[in-house]
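Take the sequence shown: its letters are residues 1 to 240, numbered as in UniProt numbering. In what follows, a single structure is set out as structure tokens and then discussed.
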Amino acid sequence: MADTKAKTIIEVLRKRIFSIFNTPESIRVDNAHYFDCEEFTFAMSTEDVIINFSTPYYSKSSCLVGKSFATTQNLVSKLLLSIDKSTTMWDQVVDYVVRYYNASVHETLNKSPNFIVFLRDPHHLGWIESTDVKNYGEYVDIGLELMKTAYEIINQHRLRVRMKSKIEEDMKRNLPQLINAGDPILVQLPTPNKFKGLYKGPFICKKVENNIVHYSRGTRKNQTFKAHITKVKKFEETSE
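So this is what it looks like as structure tokens:
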């Protein structure tokens, strides 16, 4: 959550918990003021949920909840540090952390939270298929490496999707000219300032395959270069 207030907690409970699992008979909370305020108690009463408060100043009375939060916070902070992201971006990775946590076997219960709730293990765990860890430190380290790998794969996939969308949009806006082998062409080559978009040439087109133009440059006729069709245009005597 962006902020911790009674209103945002109620919204998350209804959106992430009650709408999926329905309401529980009771909910265990600590003694924070936003759990004891009129807004929160009224919202829980309308859902017919009993609020059970942990014993004040006695951390062991809610040790399972506290340990779960501590583990999640530790995983989130280490993951953000390893991928060089600001801690203010924790909300972008917390869902991945929670998924890993819920699929991992609890040391005491010998079952995963997912199994306890649904009476089955996740259909596919992927990289987290092995949850056999010996201690808390190993659990955090293994989880960190798995989530870091998943984060990098997702980022690469998103980049490919963005690039594909950009190319398709470019082709819609600027329909490529029909270019054939032997045609003189101009090619938009990479420059330090990508907004200049300067075309160089003329070069000779050798062939076109799947929107990729193969061409030769000047005296280096035996070497073939490649450019996407959206970066190529026909050379005319009046071209600048």
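Beta carbons: idealized from backbone N, C-alpha and C, even for Gly. Just so you know, these numbers come straight off a predicted model, no measurement behind them.
- The DSSP-derived three-state label of glutamate 209 is strand.
- Per DSSP, reduced to three states, the secondary structure at valine 49 is coil, with no helix or strand assignment.
- Among the bridge pairs identified by DSSP, tyrosine 215 is matched with Cys205, Phe225.
- With three or more CB-CB distances shorter than 8 Å, the region 5-17 counts as touching the region 36-56.
- In chain order, Ser68, Thr71, Thr72, Leu75, Pro113, Gly143 place their CB closer than 8 Å to the CB of tyrosine 101, counting only its own chain and leaving out the 5 sequence neighbours on each side.
- With distances taken between CA atoms, leucine 178 lies nearest to Val208 out of His157, Val208, Leu146, Arg162.
- The bridge partners DSSP lists for serine 26 are Ile50.
- According to the DSSP secondary-structure assignment, isoleucine 185 is paired through a beta bridge with Phe203, Lys234.
- In the three-state reduction of the DSSP assignment, alanine 150 falls in the helix class, which pools H, G and I.
- Cβ contact annotation for threonine 224 (same chain, cutoff 8 Å, sequence separation greater than five): Lys206, His214, Tyr215, Ser216, in chain order.
- Within 10 angstroms of the beta-carbon of aspartate 183 lie 16 or more other beta-carbons, which makes it buried.
- Looking only at Asn180, Pro202, Ala181, the smallest Cα-Cα distance to leucine 189 is reached by Pro202.
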